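As structure tokens, the structure follows; a few thoughts come after it.
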Amino acid sequence: MNSQANSNLNPGATTRATLRENTTDDLAPFIKPPVLQFEIGSMRNFVYLIILGNSQNGEPGARPDVLPNNLGEAIVIDPQKDLRPLQSACAQYGVKITEIWLTHSHHDHIAGVPALLDADPSIRLRAHQKDAHRLPEAAKKRLTIWNFGAPSSEVGDPHGGCLEFKMGDLNIQVIHTPGHSAGAVSYLVSQAQSQAQSQTQSQAQPQTQSQAQPNDSPPESYLISGDTLFIRDCGRTDLETGSNEDMFKSLQTYKKLTPINAVLLPGHHYARECFSQFSDELKASPPLLCNNIEELQNLP
Ligand SMILES: [Zn+2]
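This is the structure:
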């Protein structure tokens with residue numbers, strides 16, 4: 001884990017050789033509404049823009065923190081300083097950024113936050129409480145904490161769980177995935193199920209291929225994992241609030257909650273590819289194949 005993990009803050013580092021052996025030729029960024037991927041900056045960060053659907057069925061949802069339907073609006077995840085690619089995409093798709101969501105608050109994932117907040121006082125910034133301390137003061141004042149509710153035990157259960165709600169046509173799950181940083185979260189974005197499907201399936205459970213109706217293709221899902229899970233690797237755990245134990249638990253959480261047809265969209269362009277099928281990661285990602293913390297620690 002360490003050699004690749006160290007490249008997290010060292011963009012010049014090479015990636016693991018096995019990555020190249022298992023690659024496809026698909027090196028283009030992931031551009032498939034509702035999720036657009038941009039590689040921006042010298043550290044090869046991936047920034048994501050979620051284009052909200054034009055459904056009129058936006059639901060306030062069960063949680064007080066949930067947003068109303070956002071026709072023509074967009075969410076940016078981990079904005080970089082150079083906002084021009086986002087601005088041109090917004091113009092192209094006819095949307096306006098109304099929300100900034102962070103996977104975590106390391107400097108290379110929040111560089112574009114101050115400019116976006118300054119430009120529009122109505123933009124909302126969201127992150128996990130345990131990553132709030134690294135934000136600039138002005139951003140802290142604008143921060144809305146993801147409300148996971150009280151963890152069952154602060155010591156025994158570092159995972160705050162999963163928050164789920166709908167925005168327009170999309171089902172969003174915010175999953176607490178500490179390990180690289182204590183307040184790291186991942187965003188699982190899925191096309192919302194049709195009403196008929198919703199009535200027959202538990203909304204609390206993400207749909208998997210095995211749960212899909214015979215004549216229905218499963219909803220498309222995208223796992224935006226920040227620096228917790230990379231293609232064929234995971235993030236480093238030796239930075240402030242990082243933890244091997246948390247990382248191992250988060251990897252198990254991914255295996256439990258992520259539909260196998262999901263597309264993995266990581267926080268940096270460290271692998272040859274820009275994205276990967278989660279089903280392929282389940283078969284070939286060394287961290288996801290570890291059976292215990294010791295195996296994770298001993299990865300090369
Ligand atoms: Zn990071």
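Counting in my numbering, the sequence shown runs from 1 upward without gaps.
The beta carbon of each residue, even a glycine, is placed where N, CA and C say it ideally should be.
Source: prediction; values computed, not measured.
Judged by beta-carbon spacing, SER225 lies within the 8 Å limit of LEU265, meaning their Cβ atoms are closer than that value. Taking a C-beta distance under 8 Å as the contact criterion, ILE110 and ALA74 do not qualify as a contact pair. Comparing alpha carbon positions, the residue from ALA182, LYS141, ARG84 closest to ILE123 is LYS141. In this structure, ILE172 sits near VAL189, with a CB-CB distance shorter than 8 Å.
DSSP, reduced to helix, strand and coil, places TYR187 within a strand of the structure shown.
Closer than 7 Å to some heavy atom of ligand 1: that does not describe the Cβ of HIS269.
For ASP246, the shortest separation between its Cβ and any heavy atom of ligand 1 does not lie below 7 Å.
For MET43 and HIS268, the gap between their C-alpha atoms comes out near 7 Å. In the same chain as LEU296, and ignoring 5 residues on each side of it, the C-beta atoms closer than 7 Å to its own belong to MET1, ASN244, MET247, PHE248, PRO287, CYS290, in chain order. Under DSSP, VAL35 takes part in a beta bridge, and its partners are LYS32, ILE50. C-alpha of ILE231 to C-alpha of SER276: approximately 7 Å in a straight line.
For MET247, the enclosing alpha helix (DSSP H) stretches over residues 244-257. Here the residues close to ligand 1, judged by CB distance below 5 Å to any of its heavy atoms, are HIS106, ASP227 in chain order.
Minimum Cα-Cα distance from THR103 among the listed residues LEU125, LEU239, ALA262 corresponds to LEU125. Here DSSP, grouped into helix, strand and coil, assigns ILE260 to coil. Pairing ILE77 with LEU86 gives a Cβ-Cβ distance that is not under 8 Å. DSSP places VAL76 in the uninterrupted beta strand (DSSP E) bounded by 73-77. Shown here for SER285: same chain residues with a beta carbon closer than 6 Å to its own, the five before and five after excluded, namely ARG232 in chain order.
Per DSSP, the continuous beta strand (DSSP E) segment holding HIS176 begins and ends at 170-176. For GLY94, the CB contacts under 8 Å within the same chain, skipping 5 residues up- and downstream, are GLY72 in chain order.
Runs of the alpha helix (DSSP H) lying entirely within the region 257-296 and spanning at least 4 residues, in chain order: 278-284, 286-289. HIS176 is positioned such that its CB atom lies no closer than 8 Å to that of ARG236.
Fully enclosed alpha helix (DSSP H) runs of no fewer than 4 residues occupy 84-93, 107-110 of the region 72-113, in order along the chain. Distance from the CA atom of HIS106 to the CA atom of PRO219, rounded to whole angstroms, is 32 Å.
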